[in-house]
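A.B. asks: Line by line, the protein sequences give chains A and B. Last residue of the first sequence? That's 1196 in this note's numbering, and every number before it is there in order. Last residue of the second sequence? That's 1196 in this note's numbering, and every number before it is there in order. Input: one structure, supplied below.
2 protein chains.
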Amino acid sequence: MSEAIKDLLKKNHMSVTDSRLQILDMFYHAPGALAHADIEKKASDKIDRVTIYRTLQTFEEKGIIHTIPTADNSVKYALCKDRCEEGHHHDNHVHFVCDKCGKTICLDDVHVPEVKLPKGFQPQQSNMVVNGFCSDCRS
Amino acid sequence: MSEAIKDLLKKNHMSVTDSRLQILDMFYHAPGALAHADIEKKASDKIDRVTIYRTLQTFEEKGIIHTIPTADNSVKYALCKDRCEEGHHHDNHVHFVCDKCGKTICLDDVHVPEVKLPKGFQPQQSNMVVNGFCSDCRS
DNA sequence: ACATATTTGCAATTATGTTGCAAATTTTAT
DNA sequence: ATAAAATTTGCAACATAATTGCAAATATGT
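Laid out in structure tokens, this is it:
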């Protein structure tokens, strides 16, 4: 089980360390996206704040996780399920933030629609975040 | 000229103060969205940091400005040009962030397209941010 | 002009993020 | 299996961003 995680690290030319295994494991078992603070709480004292920052940064650079721009401007991370390569992300899917439980979820199958921009604007990348109630929380 | 700004404050049941006039004026003359830091710089020492935070918060609650969720998770604010009411925003337009000059621009005429969500998800609000080059910066 | 209500600025505190460096751990070569 | 080289970690210090309580200052309604 954690063999798969080790392999993922090796495949991306990263040293296999406790912190990395632990953090990656969290992502694999998390119901949604994770913020730095979430990881810090779950790891409670076992991993240094700084190590978490650095690990998240490395994971992002390697294309293992991607950041999610949420409406409240908090930084969240989630696993890249598409094929992301080092330094290049293909996470062009819509993200959903539940207003009740707060979970942030990648809607991997819903891709961000194109929009027609005014004259002169040259688009490069689009992000879309939808707020509302997730399937567990709608009443 | 600043009469209009005063009226806007009065219309929203807010006291008319120097800080508020100054900050609102900045928004009316800014080329794009403003971050807390931008306002702090422009007001250089005349307005306390804390006052800026509180003013922005109040303006947002009153529906005068709205926050923009950018990809780099920095908080920016822009005037609500649509009719926003107290505690309820209708800023359903696309935002554009220029990768060169950094300007954040409200594309008031481009509204966020609807997307089809998986079963069970109940959308409430959608946000879309496009990165790229603005009309001034494309080469 | 005065009493009341609101807003401001200061100080203190908390949260968030970064950097340098020595110690610990992992990897590589033998 | 072991030692050297490379990488990663944790600590301390620092920088920035944001929040809160409270007294002084300012604005509003009569």
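Where is the CB? At the ideal position from N, CA and C, for every residue including glycine. From a predicted model like this one, the values you see are computed outputs, not experimental measurements.
Tell me the start and end of each unbroken beta strand (DSSP E) in the region 1163-1188 of chain B that is at least 3 residues and wholly inside, in chain order.
C.D. replies: You should have found no qualifying run.
A.B. asks: Please tell me whether R1106(A) has its Cβ less than 7 Å away from any Cβ of chain B.
C.D. replies: Taking Cβ atoms only, chain B never reaches closer than 7 Å to R1106(A), which makes this a no.
A.B. asks: Of all Cβ atoms in chain A, is any one closer than 7 Å to the Cβ of G1177(B)?
C.D. replies: Yes, G1177(B) lies at the interface with chain A (some Cβ there is under 7 Å from its Cβ).
A.B. asks: Can you tell me the Cα-Cα spacing of E1118(A) and C1194(B), whole angstroms?
C.D. replies: Those two C-alpha atoms are separated by around 27 Å.
A.B. asks: What are the boundary residues of the beta strand (DSSP E) that A1094(B) is part of?
C.D. replies: Run containing A1094(B): none in the beta strand (DSSP E); it sits in the alpha helix (DSSP H), 1093-1100.
A.B. asks: Assess contact between the region 1073-1085 of chain B and the region 1098-1112 of chain B, defined as three or more Cβ pairs (one per stretch) separated by less than 8 Å. Is contact present?
C.D. replies: They touch, by the three-pair rule.
A.B. asks: Write down every uninterrupted run of the alpha helix (DSSP H) in the region 1122-1151 of chain B whose length is 4 residues or greater and which is fully enclosed by it, in chain order.
C.D. replies: With a minimum length of 4 residues, no continuous alpha helix (DSSP H) run stays inside the region 1122-1151 of chain B.
A.B. asks: Since L1113(A) and I1104(A) should fall inside the 8 Å C-beta cutoff, what is the C-beta to C-beta distance between them, to a whole number of angstroms?
C.D. replies: That belief does not hold up - the Cβ atoms of L1113(A) and I1104(A) are roughly 11 Å apart, past 8 Å.
A.B. asks: For H1070(B), does the count of other Cβ atoms within 10 angstroms reach 16, so buried, or fall short, so exposed?
C.D. replies: Exposed.
A.B. asks: Should V1073(A) be flagged as near chain B, meaning a C-beta pair shorter than 7 Å?
C.D. replies: False, the Cβ-Cβ gap to chain B never drops below 7 Å.
A.B. asks: Mind listing the chain A neighbours of Q1181(B)? Cutoff is C-beta to C-beta under 9 Å, in chain order.
C.D. replies: In chain order: D1156, V1187, N1188, G1189, F1190.
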